[in-house]
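The numbering of the sequence shown is this note's numbering, which starts it at 35 and goes up by one.
C-beta atoms are modelled at their ideal positions from N, C-alpha and C, and glycine is treated no differently.
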Amino acid sequence: MLFNKIVAFLLLSILNVAQSETKRGTRAKLYKNEDKFEKIQADVEIWERWMQSSSMSVPTPKPQKKPAKAPVVPTASPTPCIGTPDDLLKILSQVSTLVSLETPNTPQNKAYLWLLSDPLYCYNDPKIIQRYIMALTYFSTGGEGWTNCGQNATTSACDTNKCKQTGRFRWLSTSSECLWCGANCNVTNQCITAIDLDSINQTGVIPYELQNLTILETLAFQRGNIKGTIPATLGNLKELKDLDLNFNNITGTIPDSIYSDTSLQQLDLNDNDLVGTISSKIGNLPNLFFVQLGNDSPSGKNNFIGSI
């Protein structure tokens, strides 16, 4: 564009000179100027060709390509908990009988119905069984009537000073079952290692399903009104170190299976309503250092016979 303007300006100047000379009537000078014009025009053509081939020519900028946008990777949506009440029932039937789960108002049925509305775990979570057993323990030992850290804040206070383990929350709260009052879990995989309840008006019976808490080390229901027998399935708890059921109304005998708990260190069953004999198998418990089977209060009814 600039080049064209220069050429036009030069041509216009020459024409102006030629016209002024014509007006003066000097024909010789006109011819002379025409010669100059032809020479200048030839020079301009040469200059134009040189400019077009020279590196001094201004390059036309090439259009810039816009950088390609990175492909958008769709974010996966959270997988919802998929399942039906029957799916949960099928899972829980691995540890409790289907009849007990479906029979209204049994501890198993209450725990099952509570778990249906509990938001903490999906049905396929491995911890669903553990949470069920803890809820079952609550209903099986009369949790609705507990005087400390029961579910209902109206009828049950929650004095954390009475919680013997690390757990400090109410039972059946939305927190992890590891944090319920009197409960404790290991750090590695958050499995229940202790249930320790004392003087909170425990009633009912000890659920046999506790055998599924496979690394349980402490099981203590002290100073309550628990009845029924000691479940033989507690003999399957190979990590059990402390079994403390004193000052209750437990009946029957000490199951032989208890003597296979080789990790057992304390066996405290005093002041119940136990009968029978003390098996010589008690000598097979290499870690046992504390045994209490007598009666310390007038209400104690333990009545073992024979000798050790």
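In chain order, V129, S130, I167 and L170 place their CB closer than 7 Å to the CB of E243, counting only its own chain and leaving out the 5 sequence neighbours on each side. About 15 Å separates the Cβ atoms of L123 and Y155, ruling out a contact at the 8 Å cut-off. Judged by beta-carbon spacing, K261 lies within the 8 Å limit of I284, meaning their Cβ atoms are closer than that value.
Here the alpha carbon of Q300 sits roughly 14 Å from the alpha carbon of L268.
Residue environment for C115: exposed (fewer than 16 other C-beta atoms within 10 angstroms of its C-beta). L126 counts as buried, since no fewer than 16 other beta carbons sit within 10 angstroms of its beta carbon. Secondary structure at Q236: coil, using DSSP grouped into helix, strand and coil.
In the DSSP assignment, T252 falls outside any alpha helix (DSSP H) and lies within the beta strand (DSSP E) extending over T252 to Q256. Taking the Cα positions, G340 is about 16 Å away from G286.
Per the coordinates, the alpha-carbon of A187 lies some 42 Å from the alpha-carbon of L319.
The DSSP-derived three-state label of Q300 is strand. Taking the CA atoms as reference points, Q236 sits about 30 Å from T222. Secondary structure note for N143: its alpha helix (DSSP H) is the uninterrupted segment P141 to S151. With respect to the 8 Å criterion, V239 and S174 are classified as neighbours on the basis of their beta carbons.
For T181, the secondary structure class from DSSP, reduced to helix, strand or coil, is coil.
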